[in-house]
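In our numbering, the protein residues as written are 509 to 934. Ideal placement from N, C-alpha and C gives every residue a C-beta, glycine not left out. What follows is a set of notes on a single structure, which appears directly below.
Take a look at the structure:
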């Protein structure tokens, strides 16, 4: 099964390269997997915790895996981002799959940290670990209260139960968000779709979930390894092989280009791999040592985005501070976190700049529910602007802007996104 998972990952990467890429639209929710920065700084995510079970093999005197990860991060002055779940104890009836297969922790549902041990995982069951994560300055991001995919996943996880509606996905996210806010006074600002399921029944996507939540979509650009188990050898041989699998790719990359990881988000498993082992407990230290050697800071994803919010524009850009301020309240960034400042602006993008976020989001969602059909990403903003008399209903959202409403803009020569954002008085 580990070979099937590897083949699936490789095939997905190949298809991504050879198939035509979908058009990127300005969006309130941006998929953040790396940012442009002149600094050697990275973020690290840890999926599926907190976990109150020991590392496997246990070489830490029975300390929980989450404690081991926190101890290691603290030793290097590093800050992590923990993609936390709430409690998977409601995900029954279920049976375990075969060890080493994708359904090892449950055929119908995911269980954190393992099937029939749900009470040892999740924020709802581990107040000590959750408190420690937050008190030590780490970030918590939303990985779903019950960790159920937003929609159906094909191939490896196709047999798993999944959400059936946007409302169901938002309710599950809100449940975990409310738990952390009420219990710890902590406000989450980012989320990752459980099992990477982006499509939702009813013509919706993960972006629509995070539009409702006010989140950024937290992704990653570098796989820290440790998920796919090594299948042959004795206990120590396997342990060393899995540690090497985590460290060698990073070592090779940095040796070729010491700046290669600048602004990237490195993804880790925060629990068991498919063979119920935890190579991250051992490999993380080696990775942090390597990053220290090359002068990298390890910060939370929230801190990384605060230093530079965009994937294609950095602090060297004239007007950078204005762009940073604008993106906090206006739709100016594409769904892949790029600004594309030299592209001509369209009527739909102009509407995203002018319309109130809540109006734009709610109108589009309501339109999808009424028609049962997909809608242009800028439909809600266009509808609001037309209702206000700013734009006309006859304007096509993908048509290039030919003139600007004078009440919003200083005189501007040219109509690229850069020029329009510079001239915007809002």
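Contact check, residue 543 vs residue 771, beta carbons under 8 Å: For the purposes of this step, residue 543 is taken as residue 35 along the chain shown, with counting starting at 1. For the purposes of this step, residue 771 is taken as residue 263 along the chain shown, with counting starting at 1. Going by C-beta atoms, residue 543 is nearer than 8 Å to residue 771.
How would you label residue 536, buried or exposed, when you count the other beta carbons within 10 angstroms and need 16 or more for buried? What you label residue 536 is simply residue 28 of the chain shown in a count that begins at 1. Counting Cβ neighbours within 10 Å, residue 536 comes out buried, since at least 16 surround it.
Hey, out of 861, 934, 878, 881, whose CA is closest to residue 899's CA? Counting from 1 along the chain shown, the entry for residue 899 is found at position 391. Residue 899 has its Cα closest to that of 861, out of 861, 934, 878, 881.
Could you tell me if residue 647 is buried or exposed, where buried requires 16 or more neighbouring beta carbons within 10 angstroms of its beta carbon? Residue mapping note: residue 647 aligns to position 139 of the chain shown, counting from 1. Residue 647 should be labelled buried.
Can you tell me which of the three DSSP states residue 773 falls into? Taking the chain shown and counting its residues from 1, one reaches residue 773 at position 265. Reduced to three states, the DSSP call for residue 773 is strand.
Can you tell me which of the three DSSP states residue 828 falls into? Along the chain shown, one-based indexing puts residue 828 at 320. In this structure, residue 828 counts as helix in the three-state DSSP scheme.
Burial state of residue 755, where buried means 16 or more other Cβ atoms lie within 10 Å: Along the chain shown, one-based indexing puts residue 755 at 247. Classification for residue 755: buried.
Alpha helix (DSSP H) containing residue 794: first to last residue? As a working note, residue 794 is residue 286 in the chain shown. 788 to 801 is the span of the alpha helix (DSSP H), which, as asked, contains residue 794.
May I ask you to list the residues that DSSP assigns as paired with residue 542? Numbered from its first residue, the chain shown carries residue 542 at position 34. DSSP output for residue 542 lists 772 as bridge partner(s).
Excluding five sequence neighbours on each side, which residues of the same chain lie with their C-beta closer than 7 Å to the C-beta of residue 879? As a first step, residue 879 must be located in the chain shown, where it is residue number 371. Contacts found: none.
Does the stretch 579 to 596 come close enough to the stretch 632 to 646 that 3 or more CB-CB pairs lie under 8 Å? yes
Endpoints, alpha helix (DSSP H) assigned at residue 759: Numbered from its first residue, the chain shown carries residue 759 at position 251. Per DSSP, residue 759 belongs to the alpha helix (DSSP H) from 743 to 764.
Of the listed residues 673, 871, 822, 610, nearest to residue 885 (C-alpha basis): Taking the chain shown and counting its residues from 1, one reaches residue 885 at position 377. Residue 871 is the option with its Cα nearest to residue 885.
Beta-carbon proximity check, residue 931 vs residue 917, cutoff 8 Å: For the purposes of this step, residue 931 is identified with residue 423 of the chain shown, where counting begins at 1. For the purposes of this step, residue 917 is identified with residue 409 of the chain shown, where counting begins at 1. In contact: residue 931 and residue 917 (Cβ atoms closer than 8 Å).
Is it right to say residue 598 is buried, meaning 16 or more other beta carbons lie within 10 angstroms of its own, or is it exposed? Residue 598 sits at position 90 when you count from the first residue of the chain shown. Per the 10 Å Cβ criterion, exposed.
Is it buried or exposed for residue 657, if we count other Cβ within 10 angstroms and need 16 for buried? The sequence position of residue 657 within the chain shown is 149, counting from 1. The residue is buried, with at least 16 neighbouring Cβ atoms inside 10 Å.
Same chain only: Cβ atoms within 8 Å of residue 809, ignoring 5 sequence neighbours per side: Within the chain shown, residue 809 is the residue found at index 301, counting from 1. Same-chain partners within the cutoff: 540, 551, 553, 589, 647, 649, 698, 726, 773.
So what does residue 725 bridge to, in DSSP terms? Start at 1 with the first residue of the chain shown, and residue 725 comes out as number 217. Per DSSP, 539, 699.
Inter-residue CB distance, residue 685 and residue 721 (contact presumed, cutoff 8 Å): Residue numbering aside, residue 685 sits at position 177 when the chain shown is read from its first letter. Residue numbering aside, residue 721 sits at position 213 when the chain shown is read from its first letter. Going by Cβ atoms, the distance from residue 685 to residue 721 rounds to 7 Å, so yes, they are a contact pair.
Taking just the CA atoms, how far does residue 651 sit from residue 700? Residue mapping note: residue 700 aligns to position 192 of the chain shown, counting from 1. Residue mapping note: residue 651 aligns to position 143 of the chain shown, counting from 1. Their backbone Cα atoms lie some 5 Å apart in a straight line.
With DSSP run on the structure shown, which of helix, strand or coil describes residue 616? In the chain shown, counting from the first residue as 1, residue 616 sits at position 108. In the structure shown, residue 616 sits in coil (DSSP, three-state: anything other than H, G, I, E or B).
Does DSSP put residue 557 in a helix, a strand or coil? On the chain shown, residue 557 is found 49 positions in, with the first residue counted as 1. If DSSP states are grouped into helix, strand and coil, residue 557 belongs with the strands.
What separation, rounded to the nearest whole angstrom, lies between the Cα atoms of residue 746 and residue 779? Mapped onto the chain shown, residue 746 falls at position 238. Mapped onto the chain shown, residue 779 falls at position 271. Straight-line Cα distance between these residues: approximately 17 Å.
Spatial neighbours of residue 677 in its chain, beta-carbon cut-off 7 Å, leaving aside the 5 residues before and after: Along the chain shown, read from residue 1 onward, the residue named residue 677 stands at position 169. The residues are 658, 671, 708, 717.
CA-CA distance, residue 713 and residue 567? Looking up residue 713 in the chain shown gives position 205. Looking up residue 567 in the chain shown gives position 59. Roughly 42 Å separates the two Cα atoms.
At 4 residues or longer, what runs of the alpha helix (DSSP H) sit wholly inside the stretch 624 to 648? 635 to 643
By how many angstroms is the C-alpha of residue 564 removed from the C-alpha of residue 604? Taking the chain shown and counting its residues from 1, the one referred to as residue 604 is at position 96. Taking the chain shown and counting its residues from 1, the one referred to as residue 564 is at position 56. If I take the Cα positions, the gap works out to 19 Å.
Run through the DSSP bridge pairs and tell me what residue 591 is partnered with. On the chain shown, residue 591 is found 83 positions in, with the first residue counted as 1. The partner list for residue 591 (beta bridge, DSSP) reads 555, 649.
Should the stretch 829 to 848 be called in touch with the stretch 919 to 934, which here means at least 3 C-beta pairs below 8 Å? yes
Pick from 897, 920, 890 that is closest to residue 906, judged by C-alpha positions: Along the chain shown, one-based indexing puts residue 906 at 398. For residue 906, the nearest C-alpha among the options comes from 890.
In whole angstroms, what separates the C-alpha of residue 910 from that of residue 828? On the chain shown, position 402 is the one that residue 910 refers to. On the chain shown, position 320 is the one that residue 828 refers to. So the alpha carbons of these two residues sit roughly 25 Å apart.
Are the beta-carbon atoms of residue 626 and residue 615 separated by less than 8 Å? Translated into the one-based positions of the chain shown, residue 626 becomes position 118. Translated into the one-based positions of the chain shown, residue 615 becomes position 107. Their beta carbons are not under 8 Å apart, which means residue 626 does not touch residue 615 by this criterion.
Give a yes or no on whether the C-beta atoms belonging to residue 724 and residue 571 are separated by under 8 Å. As a first step, residue 724 is located in the chain shown; it is residue number 216 there, counting from the start. As a first step, residue 571 is located in the chain shown; it is residue number 63 there, counting from the start. Not a contact, by the Cβ cut-off of 8 Å.
So the alpha helix (DSSP H) residue 865 belongs to, where does it begin and stop? Locating residue 865 in the chain shown gives position 357, counting from the first residue. Its alpha helix (DSSP H) spans residues 865 to 879.
Does the ligand SAM have a heavy atom nearer than 7 Å to the CB of residue 751? With respect to small molecules bound, the structure shown includes none, and the ligand SAM cannot be examined in it.
For residue 556, is the classification buried or exposed, using 16 other Cβ atoms within 10 angstroms of its Cβ as the cut-off for buried? As a first step, residue 556 is located in the chain shown; it is residue number 48 there, counting from the start. Residue 556 comes out buried.
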